[in-house]
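Okay, so here's the structure we're looking at.
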Amino acid sequence: MGMEQIRSFRDLQVYQSSYRGSILIATRILPKLPESEKYDLKDQLSRASKAIPRLIAEGYAKKHQKFGFQKYIDDAMAECNETIVCLEHVKDIYKIEIELCEELIILYDKTVRQLFKLAEAWDGFKKRRRSPMEDKA
311 MGMEQIRSFR
321 DLQVYQSSYR
331 GSILIATRIL
341 PKLPESEKYD
351 LKDQLSRASK
361 AIPRLIAEGY
371 AKKHQKFGFQ
381 KYIDDAMAEC
391 NETIVCLEHV
401 KDIYKIEIEL
411 CEELIILYDK
421 TVRQLFKLAE
431 AWDGFKKRRR
441 SPMEDKA
């Protein structure tokens, strides 16, 4: 089984799954939250879930900057964790789309692990690509 070439952030499986998750949250969960949560849980869940694919896209643009890339990946992992907590609140407090919330919690937990491995893999890739001049320094 061969690895597909990554030409864009859209080719990253972690981007694709987090984007799909954000769409499911926006279309199936947020509209069902009560008006009383408009400026709290609804706003937090909307912001956090949409931030993840955006951060992956921004980080990919800075993939040649070790610390720039890492910062975006770290921020995306934090947003995943925040999204998980918000989904647990939706499920446990409001009993909205319980099965979907559980599936999304699994998706975002997997996304955190994928992001961590992406950062590790990219760090290893960058070290292997060092120029001979860097080795002499």
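Residues in the sequence shown are numbered from 311 upward in steps of one, following this note's numbering.
Where a beta carbon is used, it is the ideal one built from N, C-alpha and C, also for glycine.
Note that the structure is predicted; figures quoted are calculated from it, not measured.
- In this structure, Phe379 is the residue among Leu365, Lys352, Phe379 and Ser318 with its C-alpha nearest to the C-alpha of Ala431.
- Around the C-beta of Ala371, fewer than 16 other C-beta atoms lie within 10 Å, and the residue is accordingly described as exposed.
- For Ser346, the three-state secondary structure derived from DSSP is helix.
- Non-local beta-carbon contacts of Ile383 in its own chain, meaning distances under 7 Å to residues more than five positions away in sequence, involve Gly369, Leu425, Leu428 and Ala429 in chain order.
- The three-state reading of DSSP puts Arg317 in coil, since its state is none of H, G, I, E or B.
- A straight-line Cα-Cα distance of about 22 Å links Phe377 and Asp321.
- According to the DSSP assignment, Gln380 belongs to the alpha helix (DSSP H) that extends over Lys376 to His399.
- Residue burial annotation: Lys352 is buried, with at least 16 other C-beta atoms found within 10 angstroms of its C-beta.
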